[in-house]
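Participant: In case it helps, the working numbering puts the sequence shown at residues 3 to 301.
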Amino acid sequence: MQYAKSLRYGIFVDAETSNYLQYSQWRLVCPCCNEPVFLVKGSHRPEHARVAPKSKQLVIVREAKVKAFFSHFDNLASEKCENYNKSITEKQIKTYATTSRQQRLKYWQENFLKAIGYYNAGCKSSFFTLFRRTNQHLPDINNKGIKAVQKEVASDLIELLNKADRASILEVARSHLVKLQTHENPLSLMDLGDITDTTEELKDNFLDWTRSFDIEMQLSLVAEVVDFFKTKAIAQIKEEIFELIFARVAVTIGPEKMTPLLKVSTGESEQEQQQKYYQLRSLLVGELVFLIAITDWSS
C-alpha cells in the first residue's frame, strides 16, 4: 500500500517519499481498516554487467526497482485495503490534514492550560506575591493595583509574541528541539525546582517523547500553536499563561535577578524603568517560545 495514516500527527504518509526509519514512532495505521502497518523499505538495482557463471560470457542485468510500501503483515495487505489505498486522492489527503488540525484547535480551546502544564505547577499568584513583597515599601501599594499590572503585562506578553516574526520563532524553537534531542540528560534542561509536579511518570513520559518526536513535524505543530495565540481562546486565559511563564522564569534566573526587575524605585528615571521592563518582557517571551517548542502537542 502506498499510503498510511499517522495517528500521532494526523496526516497521510506516502511510502514512496518516506524515510525508512523516520516513521517508527508515528503510530501508522491502514487508512481503510485502521489496523497497524509498517513500512517495507524499497530497493533499487541499477543496470550493470556481470559474467554468467556457466557460459562465462558478459551479460547485461537490467535495472530493477521495488517501491517502498506499507503492509499489515508478511508484506501483504487485504484486497479491500489495497483497493481502498489505490483510490486515495489528493483531496482526501488534504481533507484529513485539515480535519486533524481542526480537532487539535478544538482540543486546545478547551485544554490549553492542561497541555502546557499549568495545573502541574504551583504558579498561581506567583507574580502577585513576588511583586507585592518586592514593593511593600511603596505607600500606595494595593491588591487592585497589582492585579492591574499583572493584567497589563500578560496582555503585553501575548501581543509581543503575536507581533514577532513567525519564521524567527520557529527557528528559535528548532534550536531548542535540536538541543533537547541531542542532550545527554534532557531532564536537566527542565529543572524548575519546586514549581512543577515532577513525578516519575511525568519524567518517563517526557524522556520517551524526547526520544521519539520528529523535529519537522513538531515544528509544524508549533506553527499551529503560534497561530492559535491569535485566537479569542488565548485572550481568555492570558493571565494564567503569564503566571506559568513568570514562575518558570523566576525559578530559572533566581530571586537575586528577578527582584531588581520587579522593584519600583522612585530614584530611577523613566528610561531606566523601561529598560528593566523590556528585559523582563524579553525573558518572558523567550520562556514562552521555549515552552511552546518543548510541549508534546501531538498527544
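For glycine and all other residues, C-beta sits at the position ideal for the given N, C-alpha and C.
No experiment lies behind these values; they were computed from the predicted model shown.
Return the Cβ separation of residue 231 and residue 118 in integer angstroms, given the expectation that the two are a contact with Cβ distance under 8 Å.
Facilitator: Along the sequence shown, one-based indexing puts residue 231 at 229. Along the sequence shown, one-based indexing puts residue 118 at 116. At roughly 12 Å, the Cβ-Cβ gap does not stay under 8 Å, so residue 231 and residue 118 are not in contact.
Participant: Quick check on the burial criterion: 16 or more other C-beta atoms within 10 angstroms. Buried or exposed for residue 33?
Facilitator: As a working mapping, residue 33 is identified with position 31 in the sequence shown. Buried is the call here.
Participant: Helix, strand or coil for residue 2 per DSSP?
Facilitator: With the chain covering only 3 through 301, there is no way to say anything about residue 2.
Participant: When the Cα of residue 267 is compared with those of 152, 101, 140, which residue comes out closest?
Facilitator: Here residue 267 is taken as the residue at index 265 of the sequence shown, counted from 1. Nearest neighbour of residue 267 by Cα position, chosen from 152, 101, 140, turns out to be 140.
Participant: Quick check: the stretch 104-121 against the stretch 231-249, are there 3 or more CB pairs under 8 Å?
Facilitator: yes
Participant: Please classify residue 104 as buried or exposed, where buried requires at least 16 neighbouring CB atoms within 10 angstroms.
Facilitator: Position 102 of the sequence shown, counted from the first residue, corresponds to residue 104. Result: exposed.
Participant: Measure the alpha-carbon distance for residue 283 versus residue 186 and round it to whole angstroms.
Facilitator: Position 281 of the sequence shown, counted from the start, is the residue given in the question as residue 283. Position 184 of the sequence shown, counted from the start, is the residue given in the question as residue 186. Answer to the nearest angstrom: the Cα atoms are 30 Å apart.
Participant: What's the C-alpha gap between residue 90 and residue 25?
Facilitator: Reading the sequence shown from its first residue, position 88 is the one you call residue 90. Reading the sequence shown from its first residue, position 23 is the one you call residue 25. Using only the alpha carbons, I get a separation of about 20 Å.
Participant: Just the Cα atoms here: how many angstroms apart are residue 260 and residue 88?
Facilitator: Translated into the one-based positions of the sequence shown, residue 260 becomes position 258. Translated into the one-based positions of the sequence shown, residue 88 becomes position 86. Each residue's Cα considered, the two are about 60 Å apart.
Participant: At what residues does the beta strand (DSSP E) containing residue 1 begin and finish?
Facilitator: Here the chain covers residues 3 to 301 and nothing more, so residue 1 does not appear.
Participant: Can you tell me which of the three DSSP states residue 146 falls into?
Facilitator: Position 144 of the sequence shown, counted from the start, is the residue given in the question as residue 146. Residue 146 falls in the helix class under three-state DSSP.
Participant: Is it true that the CB of residue 114 sits closer than 9 Å to the CB of residue 236?
Facilitator: Within the sequence shown, numbered from 1, the residue matching residue 236 stands at position 234. Within the sequence shown, numbered from 1, the residue matching residue 114 stands at position 112. Yes. Within cutoff.
Participant: Is residue 16 helix, strand or coil when you go by DSSP?
Facilitator: Here residue 16 is taken as the residue at index 14 of the sequence shown, counted from 1. For residue 16, the secondary structure class from DSSP, reduced to helix, strand or coil, is strand.
Participant: Look up residue 61 in the DSSP assignment and say whether it is helix, strand or coil.
Facilitator: Against the sequence shown, residue 61 aligns to sequence position 59. DSSP places residue 61 in strand when its eight states are reduced to three.
Participant: Any idea what DSSP makes of residue 69, helix, strand or coil?
Facilitator: In the sequence shown, counting from the first residue as 1, residue 69 sits at position 67. Residue 69: coil per DSSP, three-state reduction.
Participant: So, for residue 196: in the same chain, excluding its five sequence neighbours on each side, which residues have a beta-carbon less than 6 Å away from its beta-carbon?
Facilitator: To locate residue 196, count along the sequence shown from 1; it is residue 194. Low per-residue confidence applies at residue 196: pLDDT is 49, beneath 50, and the placement is therefore not dependable enough to give any value.
Participant: Give the DSSP bridge partners of residue 41, in chain order.
Facilitator: Numbered from its first residue, the sequence shown carries residue 41 at position 39. The partner list for residue 41 (beta bridge, DSSP) reads 72.
Participant: Contact criterion: CB-CB distance below 9 Å. Does residue 130 meet it with respect to chain B?
Facilitator: The question asks about chain B, but that chain is absent: this structure has only one protein chain.
Participant: By alpha-carbon positions, which one of 287, 285, 262 ends up nearest to residue 275?
Facilitator: Here residue 275 refers to the residue found at position 273 of the sequence shown. Closest by alpha carbon: 262.
Participant: Taking the straight line between their C-alpha atoms, what separation do you get for residue 297 and residue 20?
Facilitator: Walking along the sequence shown from the start, residue 297 turns up at place 295. Walking along the sequence shown from the start, residue 20 turns up at place 18. So the alpha carbons of these two residues sit roughly 25 Å apart.
Participant: Select from 233, 218, 176, 258 the residue whose C-alpha is nearest the C-alpha of residue 293.
Facilitator: The count along the sequence shown starts at 1 and reaches residue 293 at position 291. It is 176 whose Cα lies nearest to the Cα of residue 293.
Participant: Can you grab the Cα-Cα spacing for the pair residue 3 / residue 92, in whole Å?
Facilitator: Here the question's residue 3 lines up with position 1 in the sequence shown. Here the question's residue 92 lines up with position 90 in the sequence shown. Approximately 16 Å, taken between the alpha carbons.
Participant: Count the other CB atoms, across all protein chains shown, that sit within 10 Å of the CB of residue 109; report buried if there are 16 or more and exposed otherwise.
Facilitator: Position 107 of the sequence shown, counted from the start, is the residue given in the question as residue 109. So residue 109 counts as exposed.
Participant: Grab the span of the beta strand (DSSP E) containing residue 56 for me, first residue to last.
Facilitator: Position 54 of the sequence shown, counted from the first residue, corresponds to residue 56. Taken as a continuous stretch (DSSP letters only), residue 56 belongs to no beta strand (DSSP E), as it is neither H nor E.
Participant: Between residue 289 and the rest of its own chain, which residues show a CB-CB distance below 8 Å, the 5 nearest in sequence each way excluded?
Facilitator: On the sequence shown, residue 289 is found 287 positions in, with the first residue counted as 1. Correct list, in chain order: 247, 250, 251, 254.
Participant: Looking at the unbroken alpha helix (DSSP H) that takes in residue 259, where does it start and where does it end?
Facilitator: If you number the sequence shown from 1, residue 259 lands on position 257. Residues 257-264.
Participant: Tell me where the alpha helix (DSSP H) around residue 93 begins and ends.
Facilitator: By 1-based counting over the sequence shown, the position of residue 93 is 91. Start and end: 92-117.
Participant: Which residue marks the beginning of the beta strand (DSSP E) containing residue 280, and which one marks its end?
Facilitator: Here residue 280 refers to the residue found at position 278 of the sequence shown. Run containing residue 280: none in the beta strand (DSSP E); it sits in the alpha helix (DSSP H), 272-295.
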